[in-house]
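Have a look at the structure below, then the notes.
In our numbering, the protein residues as written are 41 to 878.
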């Protein structure tokens, strides 16, 4: 867990060594030796973990010393007396000795015994715990540790079983591959067991076998499991791998067979034996198995199914007493659809007296009963690569049921130092790849997507969040403060607070991150001198009284999110490490940025709910994204002002904008939102644009000939008076990559288009287009189209989409979804007819 701290520590060390302060440092060359990720023998594992813990502590201590030294230098250079505990000299001898001691001890570990021998691995398989509660399935083991599924109580999986059963029994001449994916505890193994024991599948397949891979894959044990499962026992312990494969091939050849590979984590395991049905938490494995195979994502249980499973597990077919139903339903609901959680709670309830008071108490404190039952989810955590572990555990600091913004989280991860540089890829792109990896592992749940399906926000299931909190506490990653912290907690480097904590009580010079999530905005007092080493400060749910000038000395701050009045706090412009700045005002206003905002040379993201007035400056900014900005007088060269911008929202109330012709020179620009202005003539856009949103631009429809040439454009939003004129002829135009088209508050009357005008369109959205006569019938012929949504449009538009639906139904297309004012078209029409008859 020391990786990010070590990386930042070394960066700061270089700043000192290559700076102008060598004479202040009693310097010894510092060389760090990383501890390789080997499979250590159990006798050595404790030593290795201890060394890693010591290395982490040494790195943190060194980092604190160096950063406090840098802060002291900043105070001195600013001609401000530093605090008494900030030293203007630095001694690295102690650090060197600690690192050398760790290196010496590392050499004493028996490298020859790092990897388990074959007998140890087999013994490990024999003694591994069976997480039967994960799916409500019990097992019996033979001497080789093979899991054999037996029948158990199954609730809420009938529909899923029917879908997969039909797939498995298709009359296919080639290998059929079905993958069941989902987070730990969701019931993948239960569903596979239900299918394995299904009478129709027993009849259909000549041979059925079951093998469990788990996270430690050993080829030989895998083959032995399958052979034993289908009745081959002779000479398995003395046969080599080649002989085992030969036996299996002879047994399966010419027969229909169903082989369940349960809990598969490794692509390597599949490449060794390409067979039929598997369960996995990793979408990557499922897709590798057969890129065009059938992947079934298992959903959570409904509230009713959760209650039904709880009843059956507790009462075994008997009725639940009426006086317990209210609290039983509450307990089932708090399990949030995870079978593992329901089964764990049923185990608790079944062993306790049937007392109304006791069930009420359990319903109010259900989370405490899960803490000792996270082994199944813990497997997902332990299987994570090192670079994802801190990122994953960090999510546990957010409040329960909190929708975490992808954009916000990515910037926090970068500021915390969790993201490693990968070639020429930006840190933000790498962070997004990390998040997509966690999603594909089913550890987080998507809560919101954008117009083309990209993830905008996500959530953690309560059980997963508990796992994060538990592991984060073990690793010392952060402190979740639910009450004023004790003095023993002051060395915690990261802190998340909730609505019950006043941060003025929390002072600690070694704190690196402070994130506040009060449920209601509250006033707080904060002293920057108490948090001199801060990297992350998120106070969006706080109103800071009299923004302190001392904030100018938080020279390590990388992420700052605050509420402010109508005046921009000038001291922010001295935070030279700042990467992300979020400014929330009490109500949307115009916020004038000072000219020295350009001194923030590391600032990459600047967001606000207010219009930002950016002044003229000779110095370019390194911004990658900025929210709604009004360029000040004299800004006439966008390329010079914002050379690296990727996400830009421009706002203007002027008719003349000299910078508009520079848009095509912004070669990194991907998302552009343009609001206001007129008499712009012929605007040119950069070929890199993926999303374009126009509002009150009053462009002629003829300008669409320019937009349709953009080779990467996927999203086009035409809002209030974006274009003027009553006729849009798109018949000869071709928007090659456009997936989403939105028309809002448009005065357009006639729209012409062909099915080739938008060959990749997935979603069409029309809002408040009162004058539009109809949607072109050819739109329905677009093969990729999935949704047409109409809100507050004319009856003639509704009639046109009715014709589109009828034509598509006649052609056999029942996949196209159409909604009117938020209702399915058929339901809307029936309601409309009923109201007319009345």
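Think of the CB as a built atom: it goes at the ideal place given N, C-alpha and C, for glycine as much as any other residue.
In angstroms, rounded to a whole number, what distance separates the CA positions of residue i and residue j?
i           : j           : result
residue 378 : residue 664 : 40 Å
residue 395 : residue 365 : 12 Å
residue 338 : residue 380 : 13 Å
residue 404 : residue 367 : 9 Å
residue 682 : residue 662 : 7 Å
residue 573 : residue 607 : 26 Å
residue 114 : residue 615 : 11 Å
residue 592 : residue 551 : 17 Å
residue 688 : residue 713 : 6 Å
residue 617 : residue 595 : 6 Å
residue 485 : residue 672 : 42 Å
residue 276 : residue 282 : 12 Å
residue 432 : residue 459 : 12 Å
residue 781 : residue 648 : 26 Å
residue 517 : residue 430 : 8 Å
residue 686 : residue 731 : 11 Å
residue 726 : residue 199 : 49 Å
residue 755 : residue 766 : 22 Å
residue 746 : residue 753 : 12 Å
residue 311 : residue 259 : 11 Å
residue 729 : residue 536 : 37 Å
residue 28  : residue 845 : As displayed, the chain neither begins before 41 nor continues past 878, which places residue 28 out of reach and without an answer.
residue 361 : residue 501 : 30 Å
residue 29  : residue 515 : Because the chain in this structure spans residues 41 to 878, residue 29 falls outside the shown range and cannot be described.
residue 784 : residue 715 : 14 Å
residue 203 : residue 218 : 11 Å
residue 869 : residue 838 : 9 Å
residue 133 : residue 655 : 48 Å
Ordered along the chain, which non-local residues of its own chain (more than five positions away) have a Cβ less than 6 Å from that of residue i?
i           : result
residue 724 : 704
residue 632 : 653
residue 775 : 748 and 798
residue 533 : 552
residue 881 : In the structure displayed, the chain extends from 41 to 878; residue 881 sits before or after that span and is not available.
residue 263 : 284
Give the DSSP bridge partners of residue i, in chain order.
i           : result
residue 134 : The partner list for residue 134 (beta bridge, DSSP) is empty, contrary to what the question assumes.
residue 828 : 804 and 858
residue 334 : 218
residue 740 : 764
residue 537 : 521 and 556
residue 350 : Bridge partners of residue 350: none, in fact.
residue 791 : 768
residue 297 : 247
residue 498 : 444 and 486
residue 601 : 578 and 622
residue 734 : 714 and 758
residue 23  : No answer is possible for residue 23: the residues shown for the chain start at 41 and end at 878.
residue 630 : 651
Within its chain, find whatever has a CB closer than 8 Å to the CB of residue i; leave out the 5 residues flanking it on each side and keep chain order.
i           : result
residue 619 : 451, 454, 455, 598, 599, 642, 643, 644 and 645
residue 201 : 231, 234, 235 and 238
residue 864 : 857 and 858
residue 34  : The chain is shown only over 41 to 878; residue 34 falls outside these bounds and no answer can be derived.
residue 495 : 446, 475, 476, 479, 486, 488 and 489
residue 348 : 195 and 196
Within 8 Å (strictly less), CB to CB, does residue i reach chain C?
i           : result
residue 846 : Protein chain content of the structure displayed is limited to a single chain, and chain C is not contained in it.
For residue i, I'd like the list of residues in its chain whose CB is within less than 7 Å of its CB, leaving aside the five on either flank, ordered along the chain.
i           : result
residue 28  : A query on residue 28 cannot be resolved here, the shown segment of the chain reaching from 41 to 878 and no further.
residue 657 : 635 and 638
residue 197 : 227, 230, 231 and 234
residue 610 : 634
residue 289 : none
Drop a sphere of 10 angstroms on the beta-carbon of residue i, count the other beta-carbons inside from all chains shown, and report buried for 16 or more, exposed for fewer.
i           : result
residue 771 : exposed
residue 667 : buried
residue 670 : buried
residue 803 : buried
residue 626 : exposed
residue 243 : exposed
Any heavy atom of the ligand MN closer than 7 Å to the CB of residue i?
i           : result
residue 826 : Among the components of this structure there are no ligands whatsoever, and the ligand MN is therefore not found.
**Asked** Which whole runs of the alpha helix (DSSP H) in the region 636 to 724 are 4 residues long or more, in chain order?
**Response** Correct list: 678 to 681.
**Message:** Which complete beta strand (DSSP E) runs does the region 345 to 399 hold, if anything under 3 residues is left out?
**Reply:** Listed in chain order, nothing qualifies, since the region 345 to 399 has no complete beta strand (DSSP E) run of 3 or more residues.
**Asked** What runs of the beta strand (DSSP E), each 3 residues or longer, lie entirely inside the region 458 to 482?
**Response** The qualifying runs do not exist here; there are none.
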